[in-house]
Amino acid sequence: MINIFKAFDNKKDSRAKFTEIVYRIFKFQELFTDIQNVDYPENVGPCVYAIWHAHQCCVHGLPDRANCNVLVSRSRDGQIIAGVVERWGFKVIHGSKGKKGSVEASLQMINALKNGECCAIMVDGPKGPAKVVKDGAIRIAKKAGVPIVPVYWYSPSPTFLKFPSWDEFRIPFFWTKLINIYGEPIYVDPREDKAHDEEVRLKVQHSLEELEKKAPQAYKEVFRFGLWKK
Numbered sequence: 000m001i002n003i004f005k006a007f008d009n010k011k012d013s014r015a016k017f018t019e020i021v022y023r024i025f026k027f028q029e030l031f032t033d034i035q036n037v038d039y040p041e042n043v044g045p046c047v048y049a050i051w052h053a054h055q056c057c058v059h060g061l062p063d064r065a066n067c068n069v070l071v072s073r074s075r076d077g078q079i080i081a082g083v084v085e086r087w088g089f090k091v092i093h094g095s096k097g098k099k100g101s102v103e104a105s106l107q108m109i110n111a112l113k114n115g116e117c118c119a120i121m122v123d124g125p126k127g128p129a130k131v132v133k134d135g136a137i138r139i140a141k142k143a144g145v146p147i148v149p150v151y152w153y154s155p156s157p158t159f160l161k162f163p164s165w166d167e168f169r170i171p172f173f174w175t176k177l178i179n180i181y182g183e184p185i186y187v188d189p190r191e192d193k194a195h196d197e198e199v200r201l202k203v204q205h206s207l208e209e210l211e212k213k214a215p216q217a218y219k220e221v222f223r224f225g226l227w228k229k
């Protein structure tokens, strides 16, 4: 039994060390990454940011980190990500497998939203299918009475790397200029039924797809006006 606990402690130590390494890599990358927000909805108040799982690192460009909760899974990888996200200055809400864990995470997000905070949810995560919006964000926004704000990040730079993962995870590497482009806030009427919720889910899906189409031109406009110049 003692050996088992020792092994567990070692795993915890290894995870903590790996979290620190990942955080330092991201912290170093900050020196070379410049994210400009495009069409950010001012004065929207508490909201649910709807993000593709592949674009989860775009939270780095969200304003007011201390007021934003990021939903992260309780998997081994998720615990490492959670440690990094907290070091970035965000709050973390841990998702979990099973109905009980899902309900607990949803309640935490609803409470945070009702208290005036925001939440960031990877709407096709944690296992896909990629770029298909699930209904979790819609249910949470409906219960909390807040809008959903789609977010898409983009760069044509070859240093904006794409990984061969199920979601085609994207991350900047050295000098990279990016944009976070935002869709119009999408509201869920709490008085409506599931058919209405499905309509909203499709609106979020459509908005993220439209942002993908608009992003290249939006990037050109940012570049043209020199908004990256400091």
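When you line the sequence shown up against numbering that gives the first Met the number 0, it's residues 0 to 229, in that order.
Note that beta-carbon positions come from the ideal geometry of N, C-alpha and C, so glycine has one too.
Legend entry - Proximity to I34 [Cα-Cα], best of V187, E198 and Y151: Y151
Inset, instruction - Tell me whether the beta-carbon of A129 lies closer than 8 Å to the beta-carbon of D188. - result: no
Inset, instruction - Return the CA-CA distance between D63 and P40, expressed in angstroms with no decimal places. - result: 13 Å
Legend entry - Collapsed DSSP secondary structure at N110 in the structure displayed: helix
Legend entry - P171 beta carbon less than 8 Å from that of T32: yes
Inset, instruction - Check whether the Cβ atoms of A217 and I185 lie closer than 8 Å to each other. - result: no
Inset, instruction - State the Cα-Cα distance for the pair Y153 and F162, rounded to the nearest angstrom. - result: 15 Å
Legend entry - Any 3 or more C-beta pairs closer than 8 Å across the stretch 45-52 and the stretch 139-146: yes
Inset, instruction - Using 10 angstroms around the beta-carbon of N114, count the other beta-carbons present and answer buried if the total reaches 16, otherwise exposed. - result: exposed
Legend entry - Cut-off 6 Å between Cβ atoms - residues of its own chain near E220, not counting five sequence neighbours on either side: none
Legend entry - Expected contact under 8 Å - CB spacing of G124 and H52 to nearest Å: 4 Å
Inset, instruction - Round the Cβ separation of V91 and V71 to the nearest angstrom and send it over; I've been treating them as touching at under 8 Å. - result: 5 Å
Inset, instruction - Within the same chain, show all residues whose beta-carbon is closer than 6 Å to that of Q55, passing over the 5 residues directly before and after it, in chain order. - result: M121
Legend entry - Runs of beta strand (DSSP E) wholly within the stretch 148-214 (minimum 3 residues, chain order): 159-161, 169-171 and 175-181
Inset, instruction - Output the boundary residues of the alpha helix (DSSP H) element that contains A136. - result: G135 to A143
Legend entry - Under 8 Å between C-beta atoms of E116 and N42: no
Legend entry - Backbone secondary structure at V71 - three-state DSSP: strand
Legend entry - Same chain only: Cβ atoms within 7 Å of M0, ignoring 5 sequence neighbours per side: Confidence is the limiting factor: at M0 the pLDDT is only 36, short of 50, which leaves the residue's position unreliable and the question unanswerable from this model.
Inset, instruction - Could you check what DSSP says for K219 in three-state terms: helix, strand or coil? - result: helix
Legend entry - 8 Å CB neighbourhood of A104 in its chain, flanking five on each side removed: L70, I92, H93, G94 and S95
Legend entry - Unbroken beta strand (DSSP E) run spanning N42, endpoints: Note, N42: premise wrong, no beta strand (DSSP E); not H, not E.
Legend entry - Reference S206, options G77, D192, Y181 and D196, closest by Cα: Y181
Inset, instruction - Could you tell me whether the Cβ atoms of A119 and L61 are closer together than 8 Å? - result: yes
Legend entry - Buried versus exposed, by CB contacts within 10 Å (16 or more), A214: buried
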